[in-house]
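Participant: For what it's worth, the working numbering labels the leading residue of the sequence shown as 3, then goes sequentially.
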Amino acid sequence: MAATQPVSEECRVAINYVASFELHISDAYLSMAYCYPPDSVEPIFSGFFEDQAELKREHGKQFLRYLIGRENTVRLPVIKRPEVDNWQTGVKAVEYALELENQLSQLLIDLKTTASADNDSHFLRFMEKYLDKQKRNTTYLQRQLAYYRNEEKQEEEH
3 MAATQPVSEE CRVAINYVAS FELHISDAYL SMAYCYPPDS VEPIFSGFFE DQAELKREHG
63 KQFLRYLIGR ENTVRLPVIK RPEVDNWQTG VKAVEYALEL ENQLSQLLID LKTTASADND
123 SHFLRFMEKY LDKQKRNTTY LQRQLAYYRN EEKQEEEH
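#1: Taking Q144 as the reference, give the member of Q64, Y98, E24, D53 with the closest Cα.
#2: Report all residues from its chain with a CB closer than 6 Å to the CB of V76; omit the five preceding and five following residues, and keep chain order.
#3: Report, in whole angstroms, the separation of the C-beta atoms of L147 and L100, which I expect to be a contact under 8 Å.
#4: Tell me which residues share the same chain as I17 and place their Cβ nearer than 6 Å to its Cβ, disregarding the 5 neighbours each side in the sequence.
#5: With a threshold of 8 Å between beta carbons, is Y149 in contact with chain C?
#6: When the Cα atoms are used, what is the spatial distance from L32 to F51?
#7: Cβ of F125 within 8 Å of Cβ of V9?
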């Protein structure tokens, strides 16, 4: 399929959803980055979530630019924001972040399957870097979660 032709309708809908979900994760990460009380020390994970918020926002924009470049329309679905005002602990924030990243991983895999069925090699090449980054990010969060859980367990034992 030529890169200037619109993507299939099924692929367009899926790309819009992925872009919207990337923006949703960006909002959640901003919330996690700044959820600590003003009189406390900034949590160690705050900088990570702030950086990830910017990265996820940029990823969402890149998917939207791709759609426009392929002469498709942008129709972002509304995804409800998390109803959490206080993430309580770093572990809770990282657990939720990992849950979001796992959902995004599945969306990307489903999108790749759709693009493969459409024989859209141009989009498949575009997606490869996101799939690679997603795998690295999920692995990183899994390791961080194991680390933070171990830290919490050691604190409880003392």
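A virtual CB, placed ideally from N, CA and C, is assigned to each residue, including glycine.
Facilitator: For this structure:
#1: Across the set Q64, Y98, E24, D53, the C-alpha of Y98 shows the shortest separation from the C-alpha of Q144.
#2: These residues qualify, in order along the chain: L66, L69.
#3: By a beta-carbon distance limit of 8 Å, L147 contacts L100. Their separation comes to about 6 Å.
#4: Apart from sequence neighbours up to five positions away, the residues of its chain that approach I17 with a beta-carbon distance below 6 Å are F65, L69, ordered along the chain.
#5: In the structure shown, chain C does not exist; there is a single protein chain.
#6: When rounded, the distance between both Cα atoms is 7 Å.
#7: In contact: F125 and V9 (Cβ atoms closer than 8 Å).
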